[in-house]
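Counting along the sequence shown from 1, when you hit position 71 you're at 70 in numbering that gives the first Met the number 0, and nothing is skipped either side.
Here the structure is laid out as structure tokens; the discussion comes afterwards.
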Amino acid sequence: MKVITIDKKGWASGIEKTKSAFQVFGPVKEKEWHSFKALGPGEQPDMAYSNTRISPKFLVQPQSEPMFTYSLDEAVEDHHILKEVRKDTAPKAVVGIRPCDAAAFLIVKRNFDAPQYQDPYWLNAYNAMTFIGFACNTPCSTCFCTSAGYGPFNEAGLDVLLVDVGDSFVAKSLTDKGDTWLKAGGWTSAADASGKIEALMQAAEAKITSNVSTDKLKTRPTTQIYEAPFWDDVAFSCINCGTCTYSCPTCWCFDIQDEARGTSGIRMRNWDSCMFPMFTIHGTGHNPRGAKVQRVRQRFMHKLKYYVEKYDNGIQCVGCGRCIRLCPVNIDIRKVCNQMNDYDPAACVCPA
Ligand code: SF4
Ligand code: SF4
0 MKVITIDKKG
10 WASGIEKTKS
20 AFQVFGPVKE
30 KEWHSFKALG
40 PGEQPDMAYS
50 NTRISPKFLV
60 QPQSEPMFTY
70 SLDEAVEDHH
80 ILKEVRKDTA
90 PKAVVGIRPC
100 DAAAFLIVKR
110 NFDAPQYQDP
120 YWLNAYNAMT
130 FIGFACNTPC
140 STCFCTSAGY
150 GPFNEAGLDV
160 LLVDVGDSFV
170 AKSLTDKGDT
180 WLKAGGWTSA
190 ADASGKIEAL
200 MQAAEAKITS
210 NVSTDKLKTR
220 PTTQIYEAPF
230 WDDVAFSCIN
240 CGTCTYSCPT
250 CWCFDIQDEA
260 RGTSGIRMRN
270 WDSCMFPMFT
280 IHGTGHNPRG
290 AKVQRVRQRF
300 MHKLKYYVEK
310 YDNGIQCVGC
320 GRCIRLCPVN
330 IDIRKVCNQM
340 NDYDPAACVC
350 PA
């Protein structure tokens, strides 16, 4: 593993150099929020940010993604043929991604790169990415990554981890892709900063005071949690807006729609949400999750129980805190997770 020092005076010129080898994305402030954008010539990532409002999952799984097009117009070449939309798989570098969001791609990968099937759209886009992570020296008050199994300096899913040490960044290259990116930026000066990084990491972890308990989620009987009396309270104020799922880096659900206009059409896949009433509606009109409480319960049961049982590898949440910050009615996954983890029907005194 290479550890390189990047003097901040040479940061902007190095980023410009990487643009000849990569399409570069980075956090950009728009109004009061940051989001990841493609950086054109002269544009720089704004590294003075906490995290983006929308997670960078859209770089791999766009909110709306064209899959196929067709035309029935006899004047169009190849009419009557369903044509796959070509994808841009040229190398891309995502500079400044937070460790939680990079780790989230590994959770989502379990769904799109399963032993039984592989999703070429997702995988081709993911494989084109080089993730340049940015350690969180100052986590947000809603971050709980440490108890979700990750941390502000976590390296999972990253190709490079950048640590801000004042006048410079220390760059830990974690993969061959990371080596390539550093070389493209012309950064080669070796750093000796392991003690400094360790101290910053411990200081950052100490700032994370919110947490979840997950130790009993796997062994609690599914039906007991499913039938627990607290779901009505959890769901009471939810307006099923879907903000939690759309902003979440570990939510992967989508729907495929055909849109026809005149003699041509397009097949799209679009983000969907288990919070929406139409999500599970059957062709018969029957909806197994027709009530709001059923949809709210599904979101948490999927992330914190079904996923845990299926993969036996943590929870389907990296503790980024977005859903807590953005929920308009203050539903808090930390509270729900602890309720699920600690629920004991024998000790429950249910209201009459
Ligand atoms: S963001 Fe809040 S109100 Fe909106 S669907 Fe999620 S839990 Fe419900
Ligand atoms: S904290 Fe909320 S938004 Fe973030 S990964 Fe967990 S469920 Fe998703």
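All C-beta atoms in this analysis are idealised placements derived from N, C-alpha and C, irrespective of residue type, glycine included.
- Under the DSSP assignment, Lys182 falls in the alpha helix (DSSP H) whose first and last residues are 175-184.
- Runs of the alpha helix (DSSP H) lying entirely within the segment 216-303 and spanning at least 4 residues, in chain order: 221-225, 230-235, 242-246, 291-300.
- According to DSSP, Gly318 shares a beta bridge with no other residue.
- Distance from the C-beta of Ile207 to the nearest heavy atom of ligand 2 is not below 7 Å.
- At a cut-off of 7 Å, the beta-carbon of Gly318 counts as near ligand 2: some heavy atom of the ligand is closer than that.
- Note that the C-beta distance between Ala190 and Thr17 is not below 8 Å.
- Between Phe104 and Gly185 a beta carbon distance of about 27 Å is seen, past the 8 Å cut, so the two are scored as non-contacting.
- Taking Leu303 as the centre and dropping the five residues before and after it, the same chain places the C-beta of Leu216, Ile314, Cys336, Met339 closer than 6 Å to its C-beta, in chain order.
- Rounded to whole angstroms, the separation of the alpha carbons of Cys144 and Asn50 is 13 Å.
- Relative to the non-hydrogen atoms of ligand 2, the Cβ of Ile332 comes within a distance shorter than 7 Å of at least one.
- For Ser34, the closest alpha carbon among the candidates Arg97, Thr279, Ser19 is that of Arg97.
- With respect to the 8 Å criterion, Asp254 and Asn269 are classified as neighbours on the basis of their beta carbons.
- The segment 290-308 makes contact with the segment 217-237; the number of CB pairs closer than 8 Å reaches 3 or more.
- The three-state reading of DSSP puts Leu161 in strand, counting E and B together.
- Taking 8 Å as the cut-off, the beta carbon of Ala203 is found closer than this to the beta carbon of Pro138.
- In chain order, the residues positioned with their C-beta nearer than 6 Å to some heavy atom of ligand 1 are Cys237, Ile238, Asn239, Cys240, Gly241, Thr242, Cys243, Met274, Cys326, Pro327, Val328, Ile330.
- Per DSSP, the beta bridge partners of Met128 are Lys91.
- Using a Cβ-Cβ distance cut-off of 8 Å, the segment 261-276 and the segment 48-68 are in contact, since at least three pairs of beta carbons, one from each stretch, lie closer than that value.
- In the pairwise beta carbon analysis, the segment 279-295 is classified as not touching the segment 313-329: fewer than three pairs are separated by under 8 Å.
- Taking 8 Å as the cut-off, the Cβ atoms of Ser236 and Val292 do not count as close.
- The continuous stretches of alpha helix (DSSP H) do not include Thr141, and DSSP gives it neither H nor E.
- Between the segment 305-312 and the segment 273-282 there are fewer than three inter-stretch CB-CB distances shorter than 8 Å, so the stretches are not counted as touching.
- The continuous beta strand (DSSP E) containing Tyr69 extends over residues 63-70.
- In this structure, Arg109 has its CB at a distance of at least 7 Å from all heavy atoms of ligand 2.
- Two segments are said to touch when three or more pairs of C-beta atoms, one from each, lie closer than 8 Å; by this definition the segment 158-174 does not touch the segment 231-245.
- DSSP lists no bridge partner for His79.
- In the same chain as Phe275, and ignoring 5 residues on each side of it, the C-beta atoms closer than 7 Å to its own belong to Asn239, Gly241, in chain order.
- Gly25 is the residue among Gly25, Arg333, Gln115, Asp311 whose C-alpha sits nearest the C-alpha of Ala92.
- The three-state reading of DSSP puts Glu31 in coil, since its state is none of H, G, I, E or B.
- Under the DSSP assignment, Val169 falls in the beta strand (DSSP E) whose first and last residues are 167-172.
- Ile106: not part of any beta strand (DSSP E); member of the alpha helix (DSSP H) spanning 98-111, first to last residue.
- Ligand 2 has a heavy atom closer than 7 Å to the beta-carbon of Ala103.
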